[in-house]
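Only one structure is covered here, and it is reproduced in the block below.
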């Protein structure tokens, strides 16, 4: 019996329904979410902005150095329990 057969990891299986992620902004505010793997990241971003009283239009989510779009899902981003999403505010971005 392989190691995978003895100790399956739910987050790696197709049956995984929820993932616990952390979202951190530049002011060290961290919120933890347990979300459906198929939830839209735009919904999570709206909730984050509402909870912290931040203008939604100024927020950008970054995952592994890549911009997260509102139609992405945790499953598409291959997020696992404990993964961190970074938040930047557009007025702080320098191009």
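In my numbering, the protein residues as written are -12 to 82.
Virtual Cβ for every residue (Gly too), placed ideally from N, Cα, C.
Which residues does DSSP pair with residue 7 in a beta bridge? The residue you call residue 7 lines up with position 20 of the chain shown. Beta-bridge pairing links residue 7 to 21.
Determine the direct distance from the alpha carbon of residue 24 to that of residue 34, and round the result to whole angstroms. Residue numbering aside, residue 34 sits at position 47 when the chain shown is read from its first letter. Residue numbering aside, residue 24 sits at position 37 when the chain shown is read from its first letter. Taking the straight line from one Cα to the other gives about 16 Å.
Give every residue of the same chain whose Cβ lies closer than 7 Å to the Cβ of residue 75, excluding the five residues on either side of it in the sequence, and list them in chain order. If you number the chain shown from 1, residue 75 lands on position 88. Only 13, 47 and 49 meet the Cβ criterion.
Just mark residue 63 as buried or exposed, buried being the case when its beta carbon has 16 or more other beta carbons within 10 Å. Position 76 of the chain shown holds residue 63. Exposed, because fewer than 16 other Cβ atoms sit within 10 Å of the Cβ of residue 63.
What distance in whole Å lies between the Cβ atoms of residue 45 and residue 77, which are believed to be in contact at a cut-off of 8 Å? In the chain shown, counting from the first residue as 1, residue 77 sits at position 90. In the chain shown, counting from the first residue as 1, residue 45 sits at position 58. Residue 77 to residue 45, Cβ: 5 Å. Contact.
Which value, in whole angstroms, describes the spacing of the CA atoms of residue 16 and residue 4? Against the chain shown, residue 16 aligns to sequence position 29. Against the chain shown, residue 4 aligns to sequence position 17. Approximately 26 Å, taken between the alpha carbons.
Given residue 42, which residues of its chain have a CB within under 8 Å of its CB, disregarding the five upstream and five downstream residues? Indexing the chain shown from 1 puts residue 42 at position 55. Here the set comprises 36.
In terms of alpha-carbon separation, which member of 60, 40, 7 and 9 lies closest to residue 29? Indexing the chain shown from 1 puts residue 29 at position 42. Residue 60 is the option with its Cα nearest to residue 29.
Residue 26 Cβ short of 7 Å to the ligand MN heavy atom set: For the structure depicted, the ligand MN is absent and the ligand set is empty, with no information on it obtainable.
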